[in-house]
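Step one of this worksheet: look at the structure below.
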DNA sequence: CCTTTATTCCCCACTATTCCCCACCAACCG
DNA sequence: CGGTTGGTGGGGAATAGTGGGGAATAAAGG
């Protein structure tokens with residue numbers, strides 16, 4: 002569990018500081034500061050501890066036949082963009098121009114927590130996403146959990 | 002059960018004192034002064050004892066399929082913003098700028114009690130919420146719980 | 001194949017923020 | 001009227017975030 006949201010800045014060299022609480026989690030829980038950085042189809046960049054990547058992302062691919070349409074798209078779009086990064090001494094990683102472009106990242110960016118991974122968003126896109134989330138959450142309750 | 006409403010102030014550093022009765026409840030009933038602070042889609046900030054968070058909030062997420070729309074929105078909106086805070090020696094916690102902005106919190110804020118959690122409101126938004134509550138409560142009764 | 005140019009990576013230094021602690025004030029209770 | 005408890009404000013130390021310089025590496029061109 003990566004907790005909280007953090008606003009950080011992307012410098013001229015394309016680097017971002019991974020928020021200290023996330024680094025703490027990477028160190029304590031995974032004993033590995035590296036992260037797998039990849040394209041996400043929500044329009045952001047997703048970051049996984051390598052252990053989580055292998056545990057929960059790769060099986061999504063290998064669990065399907067090699068001619069499965071969804072698998073081929075996922076493999077191409079997500080896995081195809083994945084790079085394992087090691088943070089520098091200040092806890093930063095560089096985001097490639099390709100990924101920056103994909104997620105429309107400019108100077109002000111936002112990290113958002115999640116279970117087993119976290120994400121990197123452009124401020125405006127994140128706001129739009131929250132707005133859509135709100136509409137879904139405020140709509141009449143769905144059927145209770147079975 | 003967290004009882005009562007309390008008016009407190011948010012200082013320049015974004016800190017609020019958790020009302021003493023709530024702290025007393027956290028200590029006696031949960032033996033843990035920490036609270037999970039998160040965005041709430043009613044427009045306020047919700048605070049849960051960690052035990053309650055795991056008992057009643059997280060199952061709402063994990064009880065649903067990962068591609069469920071409501072689950073994805075809830076995970077992004079609520080869980081994505083959650084941070085576990087430990088009160089300082091004076092019983093205060095810091096509310097991040099993001100959460101303050103979300104709930105429109107200024108200097109005067111209100112804590113409201115609840116079952117298993119409590120909330121932090123802006124005065125005006127709280128008044129509006131009470132008004133809406135009234136309308137719901139005065140409307141024709143729904144069918145009894147099965 | 002060597003030279004030149006561009007890029008990446010690493011490290012240092014500055015600034016801003018956070019956290020922790022101490023002190024004051026006000027209200028309530030004995 | 002004094003003591004105790006809860007709320008509020010502020011100072012100082014530690015930590016995190018940011019920007020930039022320089023070395024090493026890789027790429028391109030002669």
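Chains as they are written, first to last, in the working numbering: chain X, 2 to 147; chain U, 2 to 147.
Glycine included, each C-beta is placed from N, C-alpha and C at the ideal position.
From a predicted model like this one, the values you see are computed outputs, not experimental measurements.
Checklist entry - Okay, do the region 67-86 of chain U and the region 31-49 of chain U touch, 3+ Cβ pairs below 8 Å being the bar? => result yes
Checklist entry - So which residues of chain X does residue 76 (chain U) contact, with C-beta pairs closer than 8 Å? => result Indexing the second chain from 1 puts residue 76 (chain U) at position 75. Within chain X, the residues near residue 76 (chain U) are 115 and 116.
Item to check | When U:33, U:45 and U:32 are compared against residue 114 (chain U), the one with the closest alpha-carbon | outcome: Within the second chain, numbered from 1, the residue matching residue 114 (chain U) stands at position 113. Of the candidates U:33, U:45 and U:32, the one whose C-alpha sits nearest the C-alpha of residue 114 (chain U) is U:45.
Checklist entry - When the Cα atoms are used, what is the spatial distance from residue 48 (chain U) to residue 117 (chain U)? => result Here residue 48 (chain U) refers to the residue found at position 47 of the second chain. Here residue 117 (chain U) refers to the residue found at position 116 of the second chain. Their backbone Cα atoms lie some 9 Å apart in a straight line.
Item to check | Beta-carbon spacing of residue 51 (chain X), residue 33 (chain X) below 8 Å | outcome: In the first chain, counting from the first residue as 1, residue 51 (chain X) sits at position 50. In the first chain, counting from the first residue as 1, residue 33 (chain X) sits at position 32. In this structure, residue 33 (chain X) lies closer than 8 Å to residue 51 (chain X) by Cβ.
Item to check | Interface residues of chain X facing residue 81 (chain U) [CB-CB closer than 7 Å] | outcome: Counted from its first residue, the second chain places residue 81 (chain U) at position 80. Neighbours of residue 81 (chain U) on chain X, chain order: 6, 113, 114 and 115.
Checklist entry - Who are residue 122 (chain U)'s beta bridge partners in DSSP? => result The count along the second chain starts at 1 and reaches residue 122 (chain U) at position 121. Residue 122 (chain U) is bridged to U:111.
Next on the checklist: Pull the bridge partners of residue 7 (chain X) from the DSSP assignment, please.
Outcome noted: Within the first chain, residue 7 (chain X) is the residue found at index 6, counting from 1. According to DSSP, which records beta bridges pairwise, residue 7 (chain X) is partnered with X:112.
Next on the checklist: If I measure Cβ to Cβ from residue 96 (chain X) and keep anything under 6 Å in the same chain, skipping five residues before and after, which residues do I get?
Outcome noted: One-based indexing of the first chain puts residue 96 (chain X) at position 95. 15, listed in sequence order.
Item to check | Residue span of the beta strand (DSSP E) that contains residue 93 (chain U), given as start and end | outcome: Taking the second chain and counting its residues from 1, one reaches residue 93 (chain U) at position 92. Element bounds for residue 93 (chain U): 93-95.
Checklist entry - Considering only residues of the same chain and omitting the five flanking positions on each side of residue 68 (chain U), which have a CB-CB separation below 8 Å? => result Looking up residue 68 (chain U) in the second chain gives position 67. If we look at residue 68 (chain U) and ignore the five residues flanking it on each side, it has no Cβ neighbours.
Checklist entry - Between residue 99 (chain U) and chain X, is there a C-beta pair that is closer than 8 Å? => result As a working note, residue 99 (chain U) is residue 98 in the second chain. Closer than 8 Å to some Cβ of chain X, the Cβ of residue 99 (chain U) qualifies, so yes.
Checklist entry - Under 8 Å between C-beta atoms, does residue 49 (chain U) make it to chain X? => result Counted from its first residue, the second chain places residue 49 (chain U) at position 48. No, because no Cβ of chain X sits closer than 8 Å to the Cβ of residue 49 (chain U).
Checklist entry - Of the residues that make up the region 120-144 of chain X, which ones have a beta carbon closer than 9 Å to any beta carbon in chain U? => result 120, 130, 131, 133, 134, 135, 136, 137, 138, 139, 140, 142 and 143
Checklist entry - So the beta strand (DSSP E) residue 48 (chain U) belongs to, where does it begin and stop? => result Translated into positions along the second chain, residue 48 (chain U) becomes position 47. Segment 46-49, the beta strand (DSSP E) holding residue 48 (chain U).
Checklist entry - First and last residue of the alpha helix (DSSP H) that includes residue 73 (chain X)? => result On the first chain, residue 73 (chain X) is found 72 positions in, with the first residue counted as 1. From DSSP, the alpha helix (DSSP H) with residue 73 (chain X) extends over 70-78.
Checklist entry - How about residue 77 (chain U) and residue 134 (chain X): do their beta carbons lie closer than 8 Å? => result Taking the first residue of the second chain as position 1, residue 77 (chain U) is located at position 76. Taking the first residue of the first chain as position 1, residue 134 (chain X) is located at position 133. Yes, the pair counts as a contact, with Cβ atoms nearer than the cut-off.
Item to check | residue 16 (chain X): first and last residue of the uninterrupted beta strand (DSSP E) it sits in | outcome: Taking the first residue of the first chain as 1, we reach residue 16 (chain X) at position 15. Its beta strand (DSSP E) spans residues 16-18.
Next on the checklist: Please return the same chain residues whose Cβ sits closer than 8 Å to the Cβ of residue 98 (chain X), not counting the five positions on each side in sequence.
Outcome noted: What you label residue 98 (chain X) is simply residue 97 of the first chain in a count that begins at 1. Here the set comprises 15.
Item to check | N-terminal and C-terminal residue of the alpha helix (DSSP H) that residue 24 (chain U) is part of | outcome: The residue labelled residue 24 (chain U) in the question sits at position 23 within the second chain. Looking at the DSSP string, the run of the alpha helix (DSSP H) that includes residue 24 (chain U) is 21-26.
Checklist entry - Taking the continuous alpha helix (DSSP H) assigned at residue 101 (chain X), which residues delimit it? => result Translated into the one-based positions of the first chain, residue 101 (chain X) becomes position 100. From DSSP, the alpha helix (DSSP H) with residue 101 (chain X) extends over 98-103.
Item to check | Contact list for the region 31-48 of chain U against chain X, Cβ threshold 8 Å | outcome: 42
Item to check | Proximity winner among U:7, U:17 and U:140, relative to residue 91 (chain U) (alpha-carbon distances) | outcome: Residue numbering aside, residue 91 (chain U) sits at position 90 when the second chain is read from its first letter. Of the listed residues, the one whose Cα sits closest to residue 91 (chain U) is U:17.
Item to check | Pairwise C-alpha distance: residue 108 (chain X) and residue 139 (chain U) | outcome: Looking up residue 139 (chain U) in the second chain gives position 138. Looking up residue 108 (chain X) in the first chain gives position 107. Going by the C-alpha atoms only, they are around 50 Å apart.
Checklist entry - What do you get for residue 132 (chain U), buried or exposed, if any count of 16 or more other CB atoms within 10 angstroms of its CB means buried? => result Working through the second chain from its first residue, we reach residue 132 (chain U) at position 131. By the neighbour-count rule (16 or more Cβ atoms within 10 Å), residue 132 (chain U) is not buried but exposed.
Item to check | Helix, strand or coil at residue 1 (chain X) [DSSP, three-state] | outcome: Nothing in the structure corresponds to residue 1 (chain X), since chain X is present only between 2 and 147.
Item to check | Neighbour flag for residue 85 (chain U) against chain X, beta carbons, 8 Å | outcome: Looking up residue 85 (chain U) in the second chain gives position 84. Yes, because at least one Cβ of chain X sits closer than 8 Å to the Cβ of residue 85 (chain U).
Next on the checklist: Taking 6 Å as the limit between beta carbons, can you name the residues of its chain near residue 100 (chain X), skipping five residues before and five after?
Outcome noted: Counting from 1 along the first chain, the entry for residue 100 (chain X) is found at position 99. Counting only Cβ-Cβ distances below 6 Å, and skipping sequence neighbours, we find 46.
Item to check | Backbone CA spacing between residue 74 (chain X) and residue 70 (chain U) [nearest angstrom] | outcome: As a working mapping, residue 74 (chain X) is identified with position 73 in the first chain. As a working mapping, residue 70 (chain U) is identified with position 69 in the second chain. One C-alpha to the other measures close to 21 Å.
Next on the checklist: For residue 23 (chain X) and residue 4 (chain X), what's the separation of their Cα atoms in angstroms?
Outcome noted: Taking the first residue of the first chain as position 1, residue 23 (chain X) is located at position 22. Taking the first residue of the first chain as position 1, residue 4 (chain X) is located at position 3. One C-alpha to the other measures close to 7 Å.
Checklist entry - The beta strand (DSSP E) with residue 40 (chain U) in it runs from where to where? => result Your numbering for residue 40 (chain U) matches position 39 in the second chain. Its beta strand (DSSP E) spans residues 36-40.
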